[in-house]
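Residue numbering for the sequence shown is -27 to -1, 1 to 676, as defined by mature numbering (1 follows the signal peptide of the UniProt record, and there is no 0).
As structure tokens, the structure follows; a few thoughts come after it.
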Amino acid sequence: MSKLFSPKLLSLATLALSLSPSFISYADTRFSAKVADENNQPIAGVDVSINGQKVRSNQRGEFTLNLPEQNYYQVTLSKGDYYQRVHTFSYKELKNLNTKAPFQLIEKKSGRVMFAFGGDVMMGRRYYKPYFDDPVLIKPDSILPDSKALVEHVKPYMALADIAAVNLETQLAADEPTQRLQKSVTFYSAPETVTALQWAGIDYVTLGNNHTFDYMDEGLTSTLNALNEAKLPYSGAGYNEAEALTPYNMTVNNQPLALLGYVGWHGGKKPTQTADAHQGGAAFGNMENIKQSVSDAKQQGNLPIVQYHGGLEYVKEPTGVTEQRLKSAVDNGAALVVAHHPHVTQGIELYSGNLIAYSMGNFIFDQNFSATQHSYILYVWLDNGEFSRAELVPIYVKDYKPTPAMDDERNRALTRIATLSAKRNTHIANHHGHGVISASNTAKQKTNKNAEENTERNTAQAYRLDVSKMTTLPIPYKAWSEHIQKIELPNADLPNNDLQYRLGSNLVNGSDFEQFTWFNAPERNFKLPKQWQLVADGYQSKQAMQLTVDKNSTSIFGMKHFRRVYAADNPMTMTVQAKTDKPVKVNVYWQGRKSGQKLLDAYAESPKHFIQSFELTPSNDWQALEVGFDSPRIRYRSYRVLVEFENMKNSGANVLLDNFALVEWHTAFQQNVKPFTLDEDGQMADYIGVNKTASKAITIRSH
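Given below as structure tokens:
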């Protein structure tokens, strides 16, 4: 390697360490915090565990631990008469935590039931046969341990609830059944899936979805046999319509519950995916069936808990049909309604005092485009059947595994849900990185009654951004609950007074490479050449990506997967920080998948559309590469951006990359001190762009 710069390579030993909470210990952090109950009264004797270190809270509810610097910290708080609490923070988040506000423990009491919901679950398809050269996550000779490995990082969160539930969107079979519905996508997963889910704390699954009858009676029989043998409760499917519409009844903390599941449509071909008098399948969730079965359960003295699978995929809002059916379920007695199918999250609404979650998104799923990677675990507490509180734990589905979302991924996950929920007059407060909805949190008042829950800093923050060398910059939020209040441009001191800004969001997850290998789940979002490694020399961070480009050759880096959810005919900017020890030419392209085109055909055959070239010169300093272009207007289902590094010299070049982003702009250039909003569409403004470089910084004020 050239002596021009010599970043510290992350050895195999260091990488192995980075797969666990420990990394490289630099200095202890003295972490002091408090524990209180729902009324903010301190709780003594709470057992606190942080990455294996333990302490107990004193009479004032306080505790202190000296923690070595690590990648992330899992904080567990336990006391017998309270529900256990788990939070996971990055080092940066822990350092910025507002420890004046206590961690709240929710008391266990008679008539109170705590639910935990996850979204769509399957363990088939790409878990066994991944695309490209990605690692196989479930191997034929280690199905059960591999399946458990998929859920190990959410086990602490799911196991603490009275009842934890997911949507099992797959049939269960040791081998692919011979019968098959006429449809483009069918799923089956090994029966060991059930054991892994139970090990993770799952107490019930709904089968009311569009993949419950993929392999017809043969698959349905093997699925129900596997669930019955494992004694994992289910509902939402059966060998006929009456069975499918029958709830699973159980009593928890003296509360009789009726768990119901439905799918929202029949399917386009015969036989359908829904059960009728003559065939098995999923419970059809039309208005009549929902009203009747919910009302029947209520009349029998049970609390109906409804899960519904319907609507349209990859959209921000429920369809009108979905919304009406879910609200009708509440009108007819449902105490709680949870929905799924879009594979992305939608908002939450307190409707008539009852919670409706319109889409949970993915939980354990193998979809390979980044729009589907953010979801959440939903906690709901019902007190004698009445809504009391909900809590949202943000999840990042990384390497097809659900992991606790942190930093940018936490911000993106919770910003989307919070903004979409606010449109429905349901406001989400911040409790140490989790979202909280209380029974009184339907008025637009983020302090006062809910001040105890808004635990992150509620004071104004000011960020000064240097725009002297680049025109596209990330906004350094500390918490997802921050909102831009003002943007101050130094126009008065600039010639022509014409500096403008615009706001946008990054469409690439994991783009700073800091969490690349965390949770034993390497990022699958990036197309990498054969010669790459992580190095401890990041741009304003610890870690960067190094590519080695051999002499007289090229290397391709960029988005591995096509971005399926995007704004068509929209201004975009690709930006990346780079430096090199040899001169290289940088060529930027976009590549699209046309409507109707097979995915693998698109990877192999779609033309690469040239955008712009750069000459990257040797330097110890990071250089910003920025290129603007317009997203495809029509005929394209998805697209990606690729960056080619071309080395025409006689020796190899080492190129370092960091903060690779594809920014989708949501506002035009403007000079407004108070910016135009993003229309509450769930997109976080995490990037700002200016129309030219300027010698003086711009200031972003948030609250």
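We put the CB at the ideal spot given by N, CA and C, even for glycine.
- V614 counts as buried, since at least 16 other C-beta atoms from the protein chains shown sit within 10 angstroms of its C-beta.
- Rounded to the nearest angstrom, the Cβ distance from E191 to P150 is 4 Å, consistent with a contact under 8 Å.
- Y188 has its alpha-carbon roughly 30 Å from the corresponding atom of R497.
- Between S208 and G234 a beta carbon distance of about 5 Å is seen, short of the 8 Å cut, so the two are scored as contacting.
- For Q473, there is no enclosing alpha helix (DSSP H), as DSSP gives it neither H nor E.
- Close CB contacts of M547 within its chain, under the 7 Å cut and outside five residues either way in sequence, are with V561, V600, V614, L635 (chain order).
- The stretch 55 to 62 and the stretch 299 to 308 do not touch, with fewer than three beta-carbon pairs separated by less than 8 Å.
- Taking I529 as reference, the option from V127, G241, L501 with the minimal CA-CA separation is L501.
- Counting C-beta pairs closer than 8 Å gives three or more between the stretch 623 to 632 and the stretch 509 to 522, which meets the contact rule.
- Counting only runs of at least 3 residues, the stretch 117 to 148 fully encloses the following beta strand (DSSP E) elements, listed from N- to C-terminal order: 136 to 141.
- Taking Q144 as reference, the option from E637, N226, A210, P108 with the minimal CA-CA separation is A210.
- By the Cβ criterion, the stretch 537 to 546 is in contact with the stretch 635 to 646, since at least three pairs of Cβ atoms, one from each stretch, lie closer than 8 Å.
- Rounded to whole angstroms, the Cβ separation of A270 and P220 is 5 Å, and the two are in contact under 8 Å.
- Annotation note: the stretch 520 to 575 contains the following uninterrupted beta strand (DSSP E) runs of length 3 or greater, listed N- to C-terminal: 526 to 532, 544 to 553, 557 to 567.
- Contact between D372 and A494 holds, with the beta-carbon distance rounding to 4 Å and staying under 8 Å.
- The beta carbon of D523 is closer than 8 Å to those of Q504, N620, G625 in its chain, skipping five residues each way along the sequence.
- As for any beta strand (DSSP E) of minimum length 3 sitting wholly inside the stretch 153 to 187, the runs are 177 to 179, ordered along the chain.
- I329 carries a strand assignment under DSSP once its states are collapsed to helix, strand and coil.
- Nearest C-alpha to Q14 among L40, L78, S22: L78.
- N198 is classed as exposed because its beta carbon has fewer than 16 other beta carbons within 10 Å across all chains shown.
- In the DSSP assignment, N335 is bridged to D93.
- The three-state secondary structure of N403, taken from DSSP, is strand.
- In the DSSP assignment, V267 falls within the alpha helix (DSSP H) that extends over 260 to 272.
- Each residue's CA atom was taken as its position, placing Y474 and N398 some 30 Å apart.
- If you draw a 10 Å sphere on the C-beta of I607, you find fewer than 16 other C-beta atoms in it, and that means exposed.
- Runs of the beta strand (DSSP E) lying entirely within the stretch 472 to 498, each at least 3 residues long, are 474 to 479 in chain order.
- For I368, no alpha helix (DSSP H) segment is defined; the enclosing uninterrupted segment is the beta strand (DSSP E) at 359 to 371.
- Counting only residues of its own chain and dropping the five nearest sequence neighbours on each side, A169 has a CB closer than 8 Å to the CB of M96, L117, S120, K121, L123, V124.
- Judged by DSSP secondary structure, R613 falls within the beta strand (DSSP E) whose first and last residues are 609 to 620.
- The DSSP-derived three-state label of G408 is strand.
- Burial check for T590: the Cβ neighbour count within 10 Å stays below 16, so the residue is exposed.
- Of the residues Q265, S411, N593, the one whose Cα lies closest to the Cα of E11 is S411.
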